[in-house]
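One structure is given here, and the rest of the page talks about it.
Protein chains: 2
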Amino acid sequence: MFEIVKRDGLARIGKFETRSGVLETPALLPVVNPKICTVTPKELYEEFGFKALITNSYIIKNTPDLKAKAQEVGLHKMLDFPGVIMTDSGTFQSHMYGEVEVTNEEMVEFQKSIGTDIGTVLDIFTEPYWTKEQTAESIEVTLERTQKACDMKGDMMINGVVQGSVYPDLREDCARKMAVMDVDVHPIGGVVPLMEQYRYLELVDVVMSSKKGLNPNRPVHLFGAGHPMVLALATLMGCDLFDSASYAKFARDDRMMFIDGTYRLQDMQSLDCNCPACRGLTLESLRKMGSKERMKVIARHNLYQITDELALVKRYVKEGRLWELAEMRCRAHPAMLDALRRLEEHQEFMERYDPISRDGAMFYTGSETRCRPVFRRYMSRIWDRYVPEMSKAALFYDEGSKPYSRALAADFDRVRRSGYTPVVVSPFGPVPAELDELYPIAQSLFPVIEDIETMLEAESSTVEFLEHKFSEVVKSQDVSDDGDQEYDADLIRAKAVSRYQFGIEATDALFKGKIELVVSRKTGKIRNVISDGEHVLSMRAGDGLYTLRKEGADRIVSAVPSPFMRVKVNDDAVPFVSEGRNAFCQFVTECDEGLKPMDEVIVTDKDDKVIATGRIMLVADEIRSFKKGIAVKVRSGSGDEA
Amino acid sequence: MFEIVKRDGLARIGKFETRSGVLETPALLPVVNPKICTVTPKELYEEFGFKALITNSYIIKNTPDLKAKAQEVGLHKMLDFPGVIMTDSGTFQSHMYGEVEVTNEEMVEFQKSIGTDIGTVLDIFTEPYWTKEQTAESIEVTLERTQKACDMKGDMMINGVVQGSVYPDLREDCARKMAVMDVDVHPIGGVVPLMEQYRYLELVDVVMSSKKGLNPNRPVHLFGAGHPMVLALATLMGCDLFDSASYAKFARDDRMMFIDGTYRLQDMQSLDCNCPACRGLTLESLRKMGSKERMKVIARHNLYQITDELALVKRYVKEGRLWELAEMRCRAHPAMLDALRRLEEHQEFMERYDPISRDGAMFYTGSETRCRPVFRRYMSRIWDRYVPEMSKAALFYDEGSKPYSRALAADFDRVRRSGYTPVVVSPFGPVPAELDELYPIAQSLFPVIEDIETMLEAESSTVEFLEHKFSEVVKSQDVSDDGDQEYDADLIRAKAVSRYQFGIEATDALFKGKIELVVSRKTGKIRNVISDGEHVLSMRAGDGLYTLRKEGADRIVSAVPSPFMRVKVNDDAVPFVSEGRNAFCQFVTECDEGLKPMDEVIVTDKDDKVIATGRIMLVADEIRSFKKGIAVKVRSGSGDEA
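Residue numbers (the working numbering), protein chains in the order written: chain A, 1 to 642; chain B, 643 to 1284.
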């Protein structure tokens, strides 16, 4: 059973329930060689805090004494590891050394017999150099074997490995078929050669095409990925589990992992590492050590590099800033930069899961930042939902490090009085003045020195948009100061934000009849929208977006047909939710497909009666597939969310 | 006495000789408050390895008991610190709290009386908001006081602080005047407000304009810079010394420094820090601690963040990859990215000190990488020194992650046979085939997915170059395969590389008469150039550039007038250097101004007689000003450098 606790990009902080305890994801599973434990499983658990590991059932099966022991006392006892144990099946051995002489059934049976928590199908490793035909055929075999494993698994969990070499369509198709099988974890397999050859660009396509097909309620394991350098990117793409054999493999030939790459001891100029393993050691002292002792130190160093980076990745997910971290990390190698740039191809898919808002500022780290879905979403929303207040537009080019700036307010007023809509050319594209306080516009930081790429994109998207929306466009300085047109800037903003957030139809319903705006005396910002005496909306100071009130919800429900903005729950949930308790996935019967995480939603009963309002935590297909977790954070009708 | 050991960009690993020992730079000096030592000087020295610190003589002078003690036992004994002690003069206090009631003379005298190693003039802190006039006037005062301090200093070293607010011309002018005074260290002052306000773009102009005027043989101290986030960039710009009061100041209000910024304890989601100070602590346990104990932990954590980053910066300088690190670090905040982009304005100045070659690949981290001087140098060299083998050019667009690719060799042959020079359009600009193995072309890694900025730049620079150099330009695929032109690719390359490295005139001298090329059987690469039976050049496999042989040097000396490629030494050095010993700065009487670090040079005696060849470590103005250190790494006439 898997549950999402926090999210950012496609990344998820999750809770994965297993027979041997709950595993928090993202998690990395160190690979333990049952024959030589460079670092003992107990140390991994206690000193490093690894609550799960992988070992290889194929090797155990082929080593008589290990086999006997494992079957007698069980894997956990044999390895003296209280956490979650996953076993590999020999697939990787077949990749390394050609065919293996066991059957899938034997391997599944054996893994069960030694008490593995999560076993693996004997899938077929699809090599990057394989033809499409060859790949497609082998996937068929993998799927059959996976079905068989599901039938046999009993109370052992099963890894249903997505294969497909470098063919996105095959990967996605294989993923879709895995998604409907009774597997428990979705590893993405056959990617080690890509990483070894720095083919990160293709890795992105492989992971993203797999993600498109997979069932969101199962953790995704990027098989063989364990270098600290890739953790931020892989987590951003929605991988939940990782594993590392390298920490020990590298240690054997004196290679030390660092966040910016792997260095050979003999090439290093100095050590200067304060990790608990290296603390107090110099390059010289480490080189002088006995090889066995040195191997242990380096293995432990490598593990600390991994745990530190994984902890950092989690911190950034919790802060909603994982994009920033991934963009920094991907500068470590041009091939990683390619991966980052490749994400632009997958912007549309990522946009579906991208939260509508986040805490804190968005940092622009380079032209690659434009690959983020938030850019795409903003443009598509103003195309579909923006209605000009005045038919003519006056262009502003702001020199500030933000697309908008308070300093412009006076100029805005001047052009408005002359009947023009002020539009600022920003890295996001065109920003009509009335949208300049909502997320992400007001919460983003850009460098003052723009790159050509961003400038050109801003220019062209602005021109296109203005031609589409306005009858005439002039430069703001060309607008004379003698206009006398009446206008209400606050009302214009109040409506524009509502359209941006809820669409035109819902906004017409919310802004019916006489409109009063409650404006904060301190900040001059809109606080509440009262329509015909009903308090329908409250604006959040943090992101300039609205909180929907019960009265507003009623308006929308009567004006816009279901399932728009609705999350419908069954009768069991109605009494609780209407009291203000959260709505959980398993009680949801229907959900608007267009909703994004953190969107305002209306919770209704089967008769489309409003029973609560709140913010949605998951998107429709997630809610459908998850058996646990909060679907809607419900707001008690009375007070507003800050 | 200051000496450069290793360099990269404007960064230098240096040795700074003081009364209290030799300090390796770059170095950071923790600020110790003589009244409250959050971390004791002894701990700073022994546990953290800080060999120098700063304390404030103004505070000591105004605290009777401290003053008495300091004058009685001396500063080193009072603080129990065996390393180098620098004292500040009260200038910063005047910035914080307005005027201070001491004179410059009093402060200098007092600093001497307490045994300071490096004292500071009571200079005037030029605020960023000051007018140019106000700033210029105060600089005059600072200069007078500095002259006075130099007259008084005795055996105490003196900080001659460069001021000038945000006016580059005033900064440079002030620096030039400091450069000719008898000061020992060149701090750049008045920059703390810029850093506090994230005005890194202006910080770059301030530092670079100061560097232009300063005397290269003195360490440059960026006063008040101590956040790990800025160390890579500041070191790249040629700052050698830093200081940090923040490690303790931040600790007092529960702020923890990390490489990506500073975080308030109350805002943090988790700790997960394995530094020796935090190891074993959780966020909760840290919060629960007594404030005094917590302050100590956080201060030590902050110090470890600083030492770790400084060690990393040094490692990257030694590896010749500091640009890569700075480019990664500057992604932490858009204002830092602005600083990085601003460096393009200073490309020309930086190019003068940029090594002609480096070990290992150059990594492209984003469009900002084009700010590196190596791009500018390459373009200007091919403009000035490239001579087309054939008057027509055929264009190649390579899809690889490198600007050239072996796969093209066959095509190169085809177009050459038809009388065209193959030219590859690369991120560096146009790359004629014969230059595709020299540094930086062959040693650089670029992403496959190009950014528009780089593409446009490559295009336009290529078009310009081709029009200038060739009579006709076609696409390579338009060249038919029926050419029968004779050509010698190796000879073409051998000459082209020589022109790129030594210029046209020298190349004519080196390639006189009958030319034989020794080509490696294994790699097919040129090894030696024999001209009229004389072995004049050897090509290095590593960077595709030449090593100059004695015979080649003689040719150049007789063909090209002095000081071209010469480093002239006085008679005292002749016997040693001609035996193959290195040439030291103090013996050099003349030096070609055009030489770059690591360039091949000819060491001559006063009569322009060749006594050795080698590689130059410093540029002309450095050699002139340094009293210590190797000017030329001499190669014994017999063997070649690998």
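Glycine included, C-beta positions come from ideal geometry on N, C-alpha and C. Keep in mind the model is a prediction, meaning the values are calculated, not measured.
- Per DSSP, reduced to three states, the secondary structure at phenylalanine 564/A is coil, with no helix or strand assignment.
- Rounded to whole angstroms, the separation of the alpha carbons of phenylalanine 1144/B and serine 1173/B is 16 Å.
- By DSSP's assignment, glutamate 3/A forms a beta bridge with Lys15/A.
- A straight-line Cα-Cα distance of about 28 Å links aspartate 1250/B and tyrosine 1028/B.
- Under the three-state reduction of DSSP, methionine 257/A is assigned to strand.
- Bridge pairing for asparagine 1224/B: absent [DSSP].
- Annotation for arginine 921/B: no beta strand (DSSP E) segment contains it, and DSSP assigns it neither H nor E.
- When only Cα atoms are considered, leucine 979/B and glutamate 993/B end up about 21 Å apart.
- For glycine 483/A, the nearest beta carbon of chain B is not closer than 8 Å to its own beta carbon.
- Taking a 10 Å sphere around the C-beta of alanine 710/B, we find fewer than 16 other C-beta atoms and assign the residue as exposed.
- Scanning Met898/B, Asp847/B, Arg860/B and Ser852/B for the CA closest to the CA of methionine 871/B turns up Met898/B.
- DSSP places methionine 799/B in no alpha helix (DSSP H) but in the uninterrupted beta strand (DSSP E) bounded by 799-801.
- Judged by DSSP in its simplified three-state form, tyrosine 200/A adopts helix.
- Cβ contact annotation for lysine 938/B (same chain, cutoff 8 Å, sequence separation greater than five): Thr680, Val681 and Ala893, in chain order.
- Secondary structure remark: continuous alpha helix (DSSP H) runs of at least 4 residues inside the stretch 377-444 of chain A, in chain order: 409-417.
- Look at the stretch 1080-1130 of chain B and you find these whole runs of alpha helix (DSSP H), each 4 residues long or longer: 1094-1111.
- Contact check for arginine 581/A against valine 601/A fails: the beta carbons are separated by 8 Å or more.
- Three or more beta-carbon pairs separated by less than 8 Å are not found between the stretch 1077-1097 of chain B and the stretch 1147-1161 of chain B, which leaves the two stretches without contact.
- In this structure, DSSP gives histidine 869/B a state outside helix and strand, which the three-state scheme calls coil.
- Sequence-distant partners of alanine 1262/B (beyond 5 residues in either direction) whose C-beta falls short of 6 Å from its own C-beta, in its chain, are Cys1233 and Glu1235.
- By the Cβ test, the stretch 996-1008 of chain B is not in contact with the stretch 1108-1118 of chain B, since fewer than three Cβ pairs between them sit closer than 8 Å.
- Under a 10 Å Cβ-count criterion, serine 1068/B is classified as buried, with 16 or more other Cβ atoms of the shown protein chains found around its own Cβ.
- Across the stretch 432-461 of chain A, CB contacts with chain B closer than 8 Å involve Leu445, Phe446, Pro447, Val448, Ile449, Asp451, Ile452, Glu453 and Leu456, in sequence order along the chain.
- At least one CB atom of chain B sits nearer than 8 Å to the CB of glutamine 269/A.
- For leucine 438/A against leucine 545/A, the beta-carbon gap comes to about 6 Å, under 8 Å, which counts as contact.
- Using a Cβ-Cβ distance cut-off of 8 Å, the stretch 802-817 of chain B and the stretch 854-861 of chain B are in contact, since at least three pairs of beta carbons, one from each stretch, lie closer than that value.
- Excluding five sequence positions before and after valine 673/B, the CB atoms of its chain that fall closer than 6 Å to its own CB belong to Ile696, Asp885 and Ala887, given in chain order.
- Residues of chain A whose Cβ lies closer than 7 Å to the Cβ of cysteine 917/B are, in chain order, Asn274.
- Cα atoms of proline 430/A and threonine 454/A: separation of roughly 12 Å, rounded to the nearest angstrom.
- DSSP, read as helix, strand or coil, puts lysine 1275/B in strand.
- In the three-state reduction of the DSSP assignment, isoleucine 124/A falls in the coil class, being assigned neither a helical nor a strand state.
- Straight-line measurement puts the Cα of lysine 1034/B at about 7 Å from the Cα of glycine 1061/B.
- A check of alpha carbon separations from aspartate 1126/B across Asp1132/B, Ala1195/B and Asp1055/B identifies Asp1055/B as the nearest.
- Annotation: methionine 229/A has no Cβ neighbours in chain B at a cutoff of 7 Å; minimum Cβ distance is about 12 Å.
- In summary, histidine 1110/B is exposed, with fewer than 16 beta-carbon neighbours lying within 10 Å of its beta-carbon over all protein chains present.
- Only buried fits aspartate 543/A, as 16 or more other CB atoms lie within 10 angstroms of its CB.
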